[in-house]
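What follows is a single structure, written as structure tokens, with notes after it.
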Amino acid sequence: MRSESSLRARSLLAALAAAALCGACSRSAPPGNADLKAAIADLEKAVAAAKAEVQRLEDVDELENLAGIYGHYVDKNRHDDVADLFAPDGVVEIYGRGAFLGQDRVREYMHNLSPGSVGPRDGSLFNHMHLQPVIDVQPDGKTAFVRSRPFILFGIANVNAQWGVGVYENVFVKQDGIWRLGYLHGYYTMYTNYEDGWAKKATPIFGEYARLPPDRPQSVAYAAYPSAFVPPFHYKNPVTGRADHYGDPTYHDPQKK
Amino acid sequence: MRNSDRCRREPAALARRARPALACRARHPRARGTVVASLALGIALSATTLPACAQSTVDPAARVAALRARLASVETRTARVADVDALENLQGSYGYYTDKMLWDEVLDLFADDGTLEIGPSGVYVGKDSIRRYLLSLSSGKQGPLEGVLYEHFQLQPIVTVAPDGQTAKARWRAFLMTGVYGSGSGGNWGEGTYENEYVKQNGVWKIKKLHWYTTFIAPYEGGWLNASKKLVDDYALGRGVTPDRPPSEAYDAYPGVYVPPFHYKNPVSGE
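First to last, the protein sequences are chains Z and U. With positions in the first sequence counted from 1, the corresponding number in this note's numbering is that position plus 2. With positions in the second sequence counted from 1, the corresponding number in this note's numbering is that position plus 8.
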């Protein structure tokens, strides 16, 4: 739906551009009465507000694309394409691997996923579906938060096959007019082997790579399924605005609740 | 290019009577820049969107009124696009809250007279009833339970906002991975279709009707080869609570077949 809304947003922007031009020209029309001037001033304000809203809607579309593009690149081990999506001071923090600070370190992290190899490999399945985005562009238009759901199908032919589910809570920043990944934060919910399913076994959360220690340990300590954990939400309840526990990773603790 | 050309040509065509139009170009380079920006977007403005500078002999008050009407139309269209985004966020949030059995958060998403119907659960009407139903699914507890997987993917939205922007309908798909760790078995797959309704109250979208039609619930072992009605009942029926109304439609989940009614007509043929 959002790809359709992108087209609509662009045609709206064009209509607004015409309206803005008309508004500007009206100012140089023969002087009218004070009412007319006030009406034109109101119109200019309304056009500015509408333009800002169209910009926000376009941002939502771009962010949805960017979140999806990340997944498509990861699928195919396009490590440099992934790293290029990040801001210069971008951070990647996935599961228990710890946090890697800055685009250069993000690049190292990505290449470390398949040392010495870039691009898809025979016998390797690395699908990262990115689903269910909840997108919130901040009022400054320069920062945005996106919660999304990765559904991961991992496999090495004739060796193993795994399922994985989790949550991403990502921060995007607009720099030089382009949205970039500012903080990619993947929370691990459950991983398990295909042959076992999730009722018999589950894989503990991944730890730090011995061969590539992080710049910082993981920022939120938690255990994966079968433990219970709520990845913090960037958003308040969309209806009530309640934020009792948001961003509080200890929410799942019944004592605290 | 048509409009900026027009701006340039009009002064010559209209000679001195059109001085304001000339001024338009000279004094408002940003306005021209805006037109260039719109052209860069590949949008050719039609003659019906001629800038005011080309119509400078028209009564200014009438021009302002015409612009206001045009802008109102743009604002309405913009609001409908924003509604779609807000509704996708709303239903997406429902899924993330449900994953973790954050029932108070889920309840907050409903209108006071909202209804909920999950597969064969029957219809729960109003927040009190919905709350009883949801808590019955988790032994009266809120929040994620140790050893319980309860993933509710919310996928493939088809969102239709009413022209007045006060109500909306959406078809979605839920994909489920549920189960209890250590049970040895009992991990389940599930899939089904929502046909939901929403209402905007005080500018905020809320769920008016949540209706999930089960396609199947199947055990992990054997997958949908072993789908069963018992698993559907285990998943969807409230425990020790009674719905306010019986199921609104009678159908069997897979291996039965059923087409949940579409809220929309075929968007191409209109049928």
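By construction, the Cβ of each residue, glycine as well, lies at the ideal position given by its N, Cα and C atoms. All values reported here derive from a predicted model rather than from experimental measurement.
Mark residue i as exposed unless 16 or more other C-beta atoms lie within 10 angstroms of its C-beta, in which case mark it buried.
i	result
Phe102(Z)	buried
Asn196(U)	buried
Glu203(U)	buried
Lys108(U)	buried
Thr84(U)	exposed
Ala94(U)	buried
Ala159(Z)	exposed
Gly199(Z)	buried
Pro269(U)	exposed
Leu45(Z)	buried
Just to confirm my understanding: we take residue i, look at its own chain, exclude 5 residues before and 5 after, and list those with CB closer than 6 Å. What are they?
i	result
Lys177(U)	Thr168, Glu205, His271
Tyr141(U)	Tyr132, Gly246, Val249
Ala163(Z)	Gly157, Tyr196
Tyr105(U)	Glu113, Val114
Asp138(Z)	Phe147, Tyr237
Leu218(U)	Leu124, Asn204
Ala36(Z)	none
Please list, in chain order, all residues of the same chain as residue i whose beta carbon is under 8 Å from its beta carbon, the five residues on each side excluded.
i	result
Tyr189(Z)	Tyr97, Gly168, Val169, Tyr170, Glu171, Val222, Tyr224, Phe231, Pro233
Asp120(U)	Gly134, Lys135
Gly121(Z)	Lys78, Asn79, Arg80
Pro152(Z)	Gly73, His130, Met131, His132, Leu133, Gly166, Val167, Gly168, Val169, Tyr170, Gly188
Arg139(U)	Trp111, Leu115
Gly143(Z)	Ala54, Gln57, Arg58, Asp61, Lys176
So, at 7 Å on beta carbons, what are the nonlocal neighbours of residue i in its own chain, with the 5 sequence-adjacent residues on each side left out?
i	result
Ala87(U)	Gly173
Thr223(U)	Glu199, Gly200, Thr201, Ala261, Tyr262
Output, in chain order, the set of chain U residues within a Cβ distance shorter than 8 Å of residue i.
i	result
Gln134(Z)	Gly100, Gly103, Tyr104, Phe161, Gln162, Leu163
Leu59(Z)	Thr86, Val89, Ala90, Asp93
Val62(Z)	Asp93
Val148(Z)	Under the 8 Å cutoff, chain U gives no residues; its nearest Cβ is about 10 Å from Val148(Z).
Closer than 7 Å by beta-carbon distance: list the chain U residues that pair up with residue i, in chain order.
i	result
Ser229(Z)	Glu154
Ala223(Z)	Here the premise fails: no neighbours, minimum Cβ distance about 16 Å.
Ala52(Z)	Leu79, Val82, Glu83, Thr86
Ile154(Z)	Here the premise fails: no neighbours, minimum Cβ distance about 12 Å.
Val260(Z)	Any answer about residue 260(Z) is impossible in this case: the structure gives chain Z only from 3 up to 259.
Hey, would you say residue i sits closer than 8 Å to residue j, going by beta carbons?
i	j	result
Tyr211(Z)	Arg99(Z)	yes
Met192(Z)	Gly166(Z)	yes
Asp116(U)	Asn114(Z)	no
Gly122(U)	Lys216(U)	yes
Glu154(U)	Ser193(U)	no
Pro275(U)	Leu38(Z)	no
Val241(Z)	Val92(U)	no
Which chain Z residues sit within Cβ distance under 9 Å of residue i?
i	result
Ser193(U)	Gly199, Ala201, Lys202
Arg76(U)	Ala41, Asp44, Leu45, Ala48
Leu157(U)	Val167, Thr191, Met192, Trp200, Ala201, Ala204, Tyr227, Pro228
Leu143(U)	Ordered by position in chain Z, no residue passes the 9 Å Cβ test against Leu143(U), which lies about 14 Å from the chain.
Glu199(U)	Under the 9 Å cutoff, chain Z gives no residues; its nearest Cβ is about 13 Å from Glu199(U).
Please list, in chain order, the chain Z residues whose beta carbon lies closer than 7 Å to that of residue i.
i	result
Ala212(U)	The question names Ala, yet the displayed sequence has Val at residue 212(U). Residues of chain Z passing the Cβ test: Val241.
Can you list the residues of chain U that residue i reaches, using a CB-CB cut of under 9 Å?
i	result
Val56(Z)	Val82, Thr86, Val89
Should residue i be counted as a contact of the ligand NAD given a C-beta to heavy atom distance under 7 Å?
i	result
Val212(U)	The ligand NAD is absent from the structure shown, which contains no ligands of any kind.
How would you list, in chain order, the residues of chain Z whose beta-carbon sits under 8 Å from the beta-carbon of residue i?
i	result
Gly187(U)	Gly199, Trp200, Ala201
> Taking contact to mean at least 3 C-beta pairs separated by less than 8 Å, is the stretch 179 to 188 of chain U in contact with the stretch 157 to 166 of chain U?
Replying inline: yes
>> Three or more C-beta pairs under 8 Å: does that hold for the stretch 80 to 95 of chain Z against the stretch 173 to 191 of chain Z?
In response: yes
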